[in-house]
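Below is one structure, written out as structure tokens; the observations come after it.
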Amino acid sequence: MTDKDDKKEITLPEVEAPVGGGRKAVKKVTLEFELEKVLKIAAGALLLTIVGIYGYKYISTFKMPTFGTDTPRIAVMNVSEIRDEFLRQNNLKNSDEREIAKLEPEFRIYTRKLMALYRLNGFLVIDSALTFSIPSSVKIVTYIDGDALMDELKSLGSNENFNEVTTQ
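Dropping the structure here:
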């Protein structure tokens, strides 16, 4: 193939238009393009369009955080299970109500420490009584021994006083 074969010429019909005082001017428009170059550009544009469509359609299937923002992490807490384990650890599981009532302020302090740990780790904690279903990506809050909980809080740099009971 020669260069002349690659180039195609399109000749538009001659247009006669009156210019000035009745004189006719003849204009001839000629477009030249290389067929191979046009096909490459069209194929590239088609490829970019396909990649854009499929990329937009399937981008949510990847476990990518949103760009520039942190995604909230969610944890679900079953308060009654945590309370039962707290009583079991303090040997009060089968005790009478008065002994359990005496331990309630300590349980509140423990719960605050536990919530502070999850807050420092960036979790939003929701009560399991308020949920209908829990997806597998949600963390379940479990009982942590009191000493281990305090050690973990100190390692995260928490300086809160959890012994003071305050309400908002």
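Numbering-wise, the numbering used here comes out as the position in the sequence shown, counting from 1, plus 90.
Glycine included, C-beta positions come from ideal geometry on N, C-alpha and C.
For residue j and residue i, the rounded distance between their alpha carbons
i	j	result
S245	R198	22 Å
K127	G145	27 Å
L129	T120	20 Å
K118	E124	20 Å
R188	F213	34 Å
L210	G134	49 Å
M205	K229	13 Å
L136	S223	43 Å
I122	I131	For the record, residue 122 in the displayed sequence is Glu; it is not Ile. The alpha-carbon atoms of E122 and I131 are separated by roughly 16 Å.
T139	P225	35 Å
L243	E196	17 Å
K147	V231	34 Å
S185	I149	55 Å
S170	D241	24 Å
Same chain only: Cβ atoms within 7 Å of residue i, ignoring 5 sequence neighbours per side
i	result
G236	Y200
E175	Y233
I190	L177 and L182
P162	L214
S248	A206 and L210
Rounded distance between the beta-carbons of residue j and residue i, thought under 8 Å
i	j	result
N168	S218	4 Å
CB contact flag (residue i, residue j, <8 Å)
i	j	result
Y233	I172	yes
L177	K203	no
V141	T221	no
I180	L193	Looking at the sequence provided, one finds Asn at residue 180 rather than Ile. Yes, these two residues count as a Cβ contact at 8 Å.
Close beta carbons around residue i, own chain, < 6 Å, minus the five adjacent residues each side
i	result
Y208	A165 and V215
Cβ neighbours of residue i in the same chain (closer than 8 Å, five flanking residues each side left out)
i	result
N253	Only weak support is given to the placement of N253: the predicted model assigns it a pLDDT of 49, under 50, and the value that follows is read from those uncertain coordinates. I199.
_Suppose only complete runs of 3+ residues qualify. What are the beta strand (DSSP E) ranges in the segment 154-235, listed by chain order?_
163-167 and 213-217
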